[in-house]
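Enquirer: Pasting a structure below so you can have a look.
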Amino acid sequence: MKILTFLTMLCPMYLFASDFTQMSVFGDSLSDCGNKFAVSHELSSATEGALLASTTEPNWQGRASNGWVWTEYLAQFLELPPISPARIEINTDIHVERLSEKSTYFIQLKSQKGNNWSAGGAMALPGNFNNLSKGEGVLSFTGGNILPNSASQIANRINEKGFFDQGTIVTYMLGTNNMWYSLYGDLGQTGSQAAKLAATDINNLIQYHAETIVISNIPDLSGAPWLRGKSNKADEFISSFNGILKERVRRIEQANPSTNIIYV
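Heads up: the sequence shown runs through residues -17 to -1, 1 to 247, numbered per mature numbering (1 follows the signal peptide of the UniProt record, and there is no 0).
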């Protein structure tokens, strides 16, 4: 029902679907169609299980969900090429301390030529991260910070493929993990601070010639079991983030009247 409601909001886009040729996706686990899954499995294999694979069963085919993510439905709705994982070539080393020994692994991952640059766990931030869990008998590991936050996702896409072509729909959905790592980690951001970082990303997308941008706010997570005990703080963060982002998007629209921005 939520997907149907979302697509109904985008119905005006369908009238111009013939103008669109492809999508370019940026986001977190709500958009990721297998990037983190693939990277985590390759790192787990390369480190002999020192790092655990992510989004395994019962998650569906490498997604943090029981089915398609929203951008896959959108691509189908607009009759565009399917969404597929995208990443740059990765070269990294990971240092692992086990109960019995210390090891260093040098890892090379080939690039993926898809159109979805999202990564589960990503925040509206620059830089990369590694939030994979330790395997059995592993005391600690360092290195391998190769999963991209939002600004790195965008930079990776531009470095690999250049500015956005005419007819590209760009989607952007981030902010949920800014909330998560502020409530449960040491990020310490407010919803307002996170929204301003997201607005910076959106301005950058326009600088890279994005003509149509679909921006999704943080959805209603009031019933999420992982927020139990922190629902009031979560609601405060989400309300602030969504309100500030909506206002920033309004200003961006005014400053860039030729850019088609859909805020949902």
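All residues carry an ideal CB built from backbone N, CA and C; glycine is no exception. Remember, it's a predicted structure, so these values are computed and weren't measured experimentally.
1. The alpha helix (DSSP H) with residue 76 in it runs from where to where?
2. Do the segment 87 to 95 and the segment 3 to 16 make contact, defined as three or more Cβ pairs closer than 8 Å?
3. Just to confirm my understanding: we take residue 245, look at its own chain, exclude 5 residues before and 5 after, and list those with CB closer than 6 Å. What are they?
4. Just the C-alpha distance for residue 160 and residue 216, rounded to the nearest angstrom, thanks.
5. Throw me the rounded Cβ distance for the residue 6 and residue 154 pair, which I believe falls under 8 Å.
6. Curious, which full-length beta strand (DSSP E) runs of at least 3 residues does the segment 156 to 212 contain?
7. Alpha carbon to alpha carbon, how far is residue 193 from residue 224? Give it in angstroms, no decimals.
8. In chain order, what residues of the same chain lie with their CB nearer than 6 Å to the CB of residue 189, ignoring the 5 residues before and after it?
9. Measure the C-alpha to C-alpha separation of residue 133 and residue 83 and round it to an integer number of angstroms.
10. Measure from the alpha carbon of residue 66 to the alpha carbon of each residue in 41, 76, 53, 191, then state which is nearest.
11. Where do the ends of the alpha helix (DSSP H) carrying residue 26 lie?
12. Residue 7 bridges to which residues according to DSSP?
13. Count the other CB atoms within 10 Å of the CB of residue 55; is the residue buried (16 or more) or exposed (fewer)?
14. Shortest alpha-carbon distance to residue 199 belongs to which of 73, 232, 37, 25?
15. Can you tell me whether DSSP reads residue 217 as helix, strand or coil?
16. Going by the CB atoms, is the gap between residue 72 and residue 94 shorter than 7 Å?
17. Going by Cα to Cα distance, which pick from 182, 229, 168, 177 is closest to residue 213?
18. With a floor of 3 residues, list each beta strand (DSSP E) that falls wholly inside the segment 103 to 145, ordered by position along the chain.
19. Name the two residues that bound the continuous alpha helix (DSSP H) containing residue 35.
20. Helix, strand or coil: which one does DSSP assign to residue -17?
21. Using the three-state DSSP reduction, which class does residue 240 fall into: helix, strand or coil?
22. Return the Cβ separation of residue 106 and residue 57 in integer angstroms, given the expectation that the two are a contact with Cβ distance under 8 Å.
23. Residues in its own chain within less than 8 Å of residue 179 by CB, not counting five upstream and five downstream?
Expert: Looking at the atomic coordinates:
1. Segment 73 to 81 is the beta strand (DSSP E) holding residue 76; no alpha helix (DSSP H) there.
2. no
3. Only 197 meet the Cβ criterion.
4. 14 Å
5. That belief holds up - the Cβ atoms of residue 6 and residue 154 are roughly 6 Å apart, short of 8 Å.
6. 195 to 198
7. 23 Å
8. Same-chain partners within the cutoff: 239, 242.
9. 37 Å
10. 53
11. 18 to 29
12. 153
13. By the C-beta density criterion, residue 55 is buried, having at least 16 other C-beta atoms within 10 angstroms.
14. 232
15. Residue state for residue 217 is assigned as helix, using DSSP reduced to three classes.
16. yes
17. 168
18. Taking 3 residues as the minimum length, the beta strand (DSSP E) runs contained wholly in the segment 103 to 145 are 121 to 126, in order along the chain.
19. It is not in any alpha helix (DSSP H) - residue 35 carries neither H nor E in the DSSP assignment.
20. For residue -17, the predicted structure reports a pLDDT of 38, less than 50, and the residue's modelled location is therefore unreliable. A value from the coordinates is still provided. Coil.
21. Three-state result, residue 240: coil.
22. Incorrect: roughly 22 Å between the Cβ atoms, too far for contact.
23. 227, 231
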